[in-house]
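Here my numbering is used: the first residue of the sequence shown is 1, the next is one more, and so on.
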Amino acid sequence: MNAPVSMPHVMPTYGRLPIALSHGEGAYVWDTEGRRYLDGLSGIAVNTLGHKHPKLVAALQDQVTKMIHSCNYYQVPLQEELARLLVERSGLTNAFFCNSGLEANEAALKIARKFGHDKGIHRAEVIVCERAFHGRSIATLSATGNTKIHAGFEPLVEGFVRVPFNDIAALEAAVASHPNVTAIFMETIQGEGGITPARVDYLQAARRICDDKGILLMLDEVQCGMGRTGKWFAHQWAGIQPDVMPLAKGLGSGVPIGAVVCGPKAANVLQAGNHGTTFGGNPLAMRAGVTTIEAMEEEQLLAQADHVGKHLMAALRRDLGSEKGLKEIRGQGLMIGIELDRPCGVILTRAMEAGLLLSVTADTVVRLLPPLIFTTEQADDLVAILAPIVHQFLSESVA
Ligand SMILES: *Cc1c(COP(=O)(O)O)cnc(C)c1O
């Protein structure tokens, strides 16, 4: 490997690997030294269409020559177009556009508070889950369930009630004992927390509790939404709808974008003057979102994510299933976690050295988030690189 890339003028917020990526095509990327990698991460679930997708490239080039930014003083027809595409696919009614996942979640939390104020609840509380990840702003890090992310940023924002994930009784008890609760807020599949799906019966129970109490179900689909699981939105596997759904990562195939999509209970809570954004909903990002959805449909990428995801999961189980240190392989579609019985951060480096990009989250979970254009052949290549690395790692380390 080459020497660590030095970035002396960039704040040291990340421990960076010693490569720099320069370009990509499809499911492959190349570094500045000309080495090729199979992309099993998509820039953390962002590059939905892979790299250099011809339709996206052409649309963005065209949009750049017309208009990049206009601001929200004016009508933005591409916003209406993307909002329509999102509400049609989710069954919800209205969208607000911003620039990132945490911004989408901030908007959701503002909706939960204003929803309370509108009903005379002036100290609204929101139920959140252990091991949740919702972002790095002061409010969204307070909603996050990882004390490492809180550390150094206290005082946290008040008004969060934390419950264990996938525990229906705990959810019922929390709602019953906190009369000021206005929303239940959770990821449909916990991403940073270790690729842990909310169980179908848990999601259905959360929906029922919210209906009974007249409170909002807010499902953070920033990572698991936009086709990654083989349906447009991960909660659709449970046959329910949220009232509020933050989206971001994969929505623009790499162009920064966030959105909150709301159903009728939540869509009119924020009125003129209550919320805003300078960049949010700009024509360039909207064009990226519209083109991503169009390309996903033309190329039937939902079906592909479902099919290739099942193939990948089966191949991983076949080649790793008998490893003693393997705890579980889980996920849905092209969002897969391989949980080991010990911290395994070194697997990320070894996979990179072997030409495969992936991540390790929650210390012990190898996380795969390939682009939705991934093929079964590429899935086989991924397993052929990864399985021996995991095997070697487990045979030399101790739990
Ligand atoms: C990544 C992520 C966020 C934060 O998104 P940013 O764009 O990094 O602010 C929020 N929620 C979930 C579930 C995420 O995976």
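Virtual Cβ for every residue (Gly too), placed ideally from N, Cα, C.
If you draw a straight line from the alpha carbon of E297 to that of A379, how long is it in whole angstroms?
By 1-based counting over the sequence shown, the position of residue 297 is 297. By 1-based counting over the sequence shown, the position of residue 379 is 379. Near 21 Å, if we compare the C-alpha coordinates of A379 and E297.
Do C224 and ligand 1 come close, with the Cβ less than 8 Å from some heavy atom?
The count along the sequence shown starts at 1 and reaches residue 224 at position 224. Taking 8 Å as the cut-off, the C-beta of C224 counts as close to a heavy atom of ligand 1.
Contacting residues, own chain, Cβ-Cβ under 6 Å from N94 (five flanking each side not counted):
The residue you call residue 94 lines up with position 94 of the sequence shown. Here the set comprises C262, A267.
Of the listed residues S70, R162, A198, nearest to E221 (C-alpha basis):
Position 221 of the sequence shown, counting from 1, holds the residue named residue 221. Cα-wise, what sits closest to E221 is A198.
Can you name, in chain order, every residue of its own chain whose Cβ lies under 8 Å from the Cβ of T182, other than the five neighbours on each side?
On the sequence shown, position 182 is the one that residue 182 refers to. Only A112, R113, F115, G116, K119, I121, A124, E125, V126, I215, L216 meet the Cβ criterion.
Alpha-carbon to alpha-carbon, E81 and G337
Here residue 337 refers to the residue found at position 337 of the sequence shown. Here residue 81 refers to the residue found at position 81 of the sequence shown. Between G337 and E81, the C-alpha separation is close to 34 Å.
For L356 and L312, believed in contact at Cβ under 8 Å, the rounded distance
Numbered from 1 along the sequence shown, position 312 holds the residue referred to as residue 312. Numbered from 1 along the sequence shown, position 356 holds the residue referred to as residue 356. Not confirmed; about 13 Å, so no contact.
Using beta-carbon positions only, say whether H23 and S253 come within less than 9 Å of one another.
Reading the sequence shown from its first residue, position 23 is the one you call residue 23. Reading the sequence shown from its first residue, position 253 is the one you call residue 253. No; because the gap between Cβ atoms is not below 9 Å, this pair is not in contact.
Counting Cβ pairs, one atom from each stretch, are 3 or more of them under 8 Å apart for the stretch 76 to 90 and the stretch 302 to 319?
no
Suppose the cutoff is 8 Å on Cβ atoms and the five residues either side in sequence are ignored; what does the same chain contact list for L41 look like?
Residue mapping note: residue 41 aligns to position 41 of the sequence shown, counting from 1. Around L41: L357, L358, S359, R367, L368, L369, P370.
With a cut-off of 8 Å on the beta carbons, I'd call R35 and Y28 a contact; round off their distance for me.
By one-based count along the sequence shown, residue 35 stands at place 35. By one-based count along the sequence shown, residue 28 stands at place 28. 11 Å between Cβ atoms; not a contact.
Please tell me whether, using a cut-off of 8 Å, the distance from the CB of R162 to the nearest non-hydrogen atom of ligand 1 is below it.
Counting from 1 along the sequence shown, the entry for residue 162 is found at position 162. No, Cβ of R162 sits at least 8 Å from all heavy atoms of ligand 1.
What do you reckon, is the C-beta of R136 under 8 Å from a heavy atom of ligand 1?
In the sequence shown, residue 136 corresponds to position 136, counting from 1. Because some heavy atom of ligand 1 lies under 8 Å away, the Cβ of R136 counts as near it: yes.
Any heavy atom of ligand 1 closer than 8 Å to the beta-carbon of D425?
As shown, the chain starts at 1 and ends at 399. That puts residue 425 outside it, with no answer to give.
Between the stretch 272 to 290 and the stretch 60 to 79, do three or more beta carbon pairs fall short of 8 Å?
yes
Through-space distance from G273 to G309, alpha-carbon basis
For this step, residue 309 is matched to residue 309 along the sequence shown. For this step, residue 273 is matched to residue 273 along the sequence shown. Approximately 43 Å between the Cα atoms of the pair.
On the criterion of 16 or more Cβ atoms from any shown chain inside 10 Å, does V365 qualify as buried, or is it exposed?
The residue given as residue 365 occupies position 365 in the sequence shown. Classification for V365: buried.
What's the gap between the Cα of F233 and the Cα of L92?
As a working mapping, residue 233 is identified with position 233 in the sequence shown. As a working mapping, residue 92 is identified with position 92 in the sequence shown. Each residue's alpha carbon lies about 12 Å from the other.
Same chain only: Cβ atoms within 8 Å of S70, ignoring 5 sequence neighbours per side
Here residue 70 refers to the residue found at position 70 when the sequence shown is read from its first residue. Here the set comprises V76, N282, P283.
Find out if the Cβ-Cβ distance for the pair N105, T147 is shorter than 9 Å.
For the purposes of this step, residue 105 is identified with residue 105 of the sequence shown, where counting begins at 1. For the purposes of this step, residue 147 is identified with residue 147 of the sequence shown, where counting begins at 1. Result no, Cβ atoms of N105 and T147 do not sit closer than 9 Å.
Spatial distance of M1 from T32 (CA atoms):
One-based indexing of the sequence shown puts residue 1 at position 1. One-based indexing of the sequence shown puts residue 32 at position 32. Reliability fails at M1, whose pLDDT of 46 lies under 50, so the model's placement of it is uncertain and the value that follows must be treated cautiously. Approximately 12 Å between the Cα atoms of the pair.
Hey, is S100 close to ligand 3, as in C-beta under 8 Å from one of its heavy atoms?
Ligands in the displayed structure: ligand 1; ligand 3 is not one of them.
Beta-bridge pairing of R350 - partner residues as DSSP gives them
Along the sequence shown, one-based indexing puts residue 350 at 350. DSSP lists no partner for R350.
Under the three-state reduction of DSSP, which class applies to I240: helix, strand or coil?
Numbered from its first residue, the sequence shown carries residue 240 at position 240. Reduced to three states, the DSSP call for I240 is coil.
Using 8 Å as the cut-off, classify the Cβ of I168 as near or not near the heavy atoms of ligand 1, replying yes or no.
Counting from one through the sequence shown, the residue named residue 168 turns up at place 168. No; taking the cut-off as 8 Å, the Cβ of I168 has no heavy atom of ligand 1 nearer than that.
For Q392, count neighbouring Cβ atoms within 10 angstroms of its own Cβ and tell me buried if that reaches 16, exposed if not.
Position 392 of the sequence shown holds residue 392. The residue in question, Q392, is exposed, as its Cβ has fewer than 16 Cβ neighbours within 10 Å.
Supposed close pair A143, L109 - CB separation, criterion 8 Å
The residue you call residue 143 lines up with position 143 of the sequence shown. The residue you call residue 109 lines up with position 109 of the sequence shown. The Cβ separation is near 7 Å, so the contact holds.
Closer than 8 Å to a non-hydrogen atom of ligand 1 - does that hold for the CB of K324?
As a first step, residue 324 is located in the sequence shown; it is residue number 324 there, counting from the start. False, no ligand heavy atom lies under 8 Å from that Cβ.
What are the boundary residues of the beta strand (DSSP E) that includes M218?
Stepping through the sequence shown from its first residue, residue 218 is reached at position 218. From DSSP, the beta strand (DSSP E) with M218 extends over 216 to 220.
Looking at S100 and P256, is the spacing between their C-beta atoms short of 9 Å?
Here the question's residue 256 lines up with position 256 in the sequence shown. Here the question's residue 100 lines up with position 100 in the sequence shown. Taking 9 Å as the Cβ cut-off, P256 and S100 qualify as a contacting pair.
Pick from A173, A399, P18, E339: whose alpha carbon is nearest that of G193?
Within the sequence shown, residue 193 is the residue found at index 193, counting from 1. If we check each option's Cα against that of G193, E339 comes out closest.
What do you get for R16, buried or exposed, if any count of 16 or more other CB atoms within 10 angstroms of its CB means buried?
In the sequence shown, the residue the question calls residue 16 occupies position 16. Exposed, by the Cβ-count rule.
When DSSP builds the beta bridges, which residues end up paired with D31?
Along the sequence shown, one-based indexing puts residue 31 at 31. Looking at the DSSP assignment, D31 forms a beta bridge with L21.
If we call anything under 9 Å between Cβ atoms a contact, is T361 one with M226?
Counting from one through the sequence shown, the residue named residue 361 turns up at place 361. Counting from one through the sequence shown, the residue named residue 226 turns up at place 226. Result no, Cβ atoms of T361 and M226 do not sit closer than 9 Å.
Confirm, please, whether the CB-CB distance from L386 to L316 is below 9 Å.
Here residue 316 refers to the residue found at position 316 when the sequence shown is read from its first residue. Here residue 386 refers to the residue found at position 386 when the sequence shown is read from its first residue. Cβ atoms of L316 and L386: closer than 9 Å.
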